[in-house]
Ligand code: VGL
Ligand code: ZN
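Numbering (the numbering used here), first residue to last: 191 to 392.
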């Protein structure tokens, strides 16, 4: 059965948001249009406590700088997707009646989390994999933001966990912190076995 994973379609990732992604709002009608073609729909939310380790403000550094946190590199972002704020809510225009479960990531203030399955230290699971396995949901279609972070790392984890994985490219957008990040993300996902498709072929 086909499961749609709507990834981080939150106000802070839309144009005008704290970490606004160009064209982020343009994917909302596409997602709404294809949603009825899926038997299962799940949404994820980047869900940070205030003063999260990934915020440049916490370290009094500039957005985009990279620092060392423990043995991991951490890219510094603007304050974004703070729990229970408007910026962390799903886009107003997104149809929500078909969404059967919500999963939150980035909740530990000391560890960032791009994948919707595990935090970046791979210590904490969000529970998504168990949820899918219990229901025998094996075919995952990813849409949302951002294709070069959350989608990329979620897809790589999904493949490693044994799920069949598709990325609906025109229903995703990149941050493109470095030019070419989107193309590299797509190539990496494809080379690991993800199928990259367009919404018109779902
Ligand atoms: C994300 C940057 C910072 C994402 C989350 O979900 O793609 N990107 N936090
Ligand atoms: Zn984040």
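For each residue, glycine too, the CB sits at the ideal point set by N, CA and C.
Would the beta-carbon of residue i be found less than 7 Å away from any heavy atom of ligand 1?
{"i": "residue 267", "result": "yes"}
{"i": "residue 347", "result": "no"}
{"i": "residue 318", "result": "no"}
{"i": "residue 322", "result": "no"}
{"i": "residue 244", "result": "yes"}
{"i": "residue 215", "result": "no"}
Can you tell me whether residue i sits near ligand 2, meaning its C-beta is under 7 Å from at least one heavy atom of the ligand?
{"i": "residue 338", "result": "no"}
{"i": "residue 236", "result": "yes"}
{"i": "residue 305", "result": "no"}
{"i": "residue 241", "result": "no"}
Excluding sequence positions up to five away, which residues of its chain have a Cβ less than 7 Å from the Cβ of residue i?
{"i": "residue 290", "result": "230, 231 and 232"}
{"i": "residue 360", "result": "220, 388 and 389"}
{"i": "residue 366", "result": "338 and 372"}
DSSP has residue i in a bridge; who is on the other side?
{"i": "residue 329", "result": "192 and 354"}
{"i": "residue 238", "result": "272"}
{"i": "residue 256", "result": "265"}
{"i": "residue 363", "result": "335"}
Thinking just about the alpha-carbon of each residue, which of the options is nearest to the one in residue i?
{"i": "residue 379", "options": "281, 235 and 343", "result": "343"}
{"i": "residue 300", "options": "368, 237 and 197", "result": "237"}
Kindly list the residues whose CB is nearer than 6 Å to the CB of residue i, restricted to its own chain and excluding five residues on each side of it in sequence; keep chain order.
{"i": "residue 227", "result": "392"}
{"i": "residue 375", "result": "337, 338 and 342"}
{"i": "residue 194", "result": "228, 231 and 331"}
I need the DSSP call for residue i, collapsed to helix, strand or coil.
{"i": "residue 228", "result": "coil"}
{"i": "residue 338", "result": "helix"}
{"i": "residue 381", "result": "helix"}
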